[in-house]
Amino acid sequence: MKNLFKVFLALFLTVGFLNAQSLNQKNQVDGYDVEITSTRDLSAGSNELFANITKDGKAVTTAKVKVKFFMPEMPGMPYMEHEGEGSLVGDKYKMTINFCMNGTWQYQLKFKTDDGVVHTVKSSVNF
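Residue numbers (UniProt numbering): 1 to 127.
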């Protein structure tokens with residue numbers, strides 16, 4: 001009986017790890033390629049996200065990056081949002097976002113380039 005329990009536990013954990021997917025979204029805006037990634041699967045709580053911004057294949061490392069994740073108001077639930085600023089780590093911008101619950105979160109990633117233009121990427125994540 002104990003061995004059967006161990007087999008089911010191992011199977012459950014394996015399936016859980018196989019279904020876990022980290023974030024990897026690619027977008028284009030105004031000639032810039034923006035890739036948003038995470039090191040682990042998204043979950044409620046603190047999450048580290050990275051934005052890799054390139055133009056013509058070269059990393060953009062002088063932009064000011066901000067991101068806002070939000071969940072619209074729903075019946076019985078208030079509007080929720082969390083904002084973060086990107087800090088340059090290597091050639092990517094690192095942001096820490098705290099999701100208060102699982103679900104579908106919309107986001108707006110804005111980055112201001114040296115020419116003063118603000119570019120916006122809009123999308124959503126679901127976990």
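Idealized CB from N, CA, C, for every residue including glycine.
Can you tell me whether residue i is helix, strand or coil according to DSSP?
i	result
PHE17	Confidence in PHE17 is poor, its pLDDT being 47 and thus under 50, which makes the residue's placement too unreliable to answer from.
THR54	strand
ASN102	coil
ALA44	coil
PHE111	strand
For the ligand GTP, any of its heavy atoms closer than 7 Å to the Cβ of residue i?
i	result
SER38	What this structure holds is no ligand at all, so the ligand GTP is not there to describe.
Please determine, among the options, the residue with the shortest C-alpha to C-alpha distance to residue i.
i	options	result
GLU85	PRO75, ASN98, ALA44	ASN98
LEU88	VAL60, SER124, GLU35, PHE70	VAL60
Residue i lies in the beta strand (DSSP E); which residues open and close that run?
i	result
ASP41	32-41
ASN27	22-29
GLY84	80-85
VAL65	64-71
Could you tell me how far apart the beta carbons of residue i and residue j are, in whole angstroms, since I believe they sit closer than 8 Å?
i	j	result
LYS94	GLU48	6 Å
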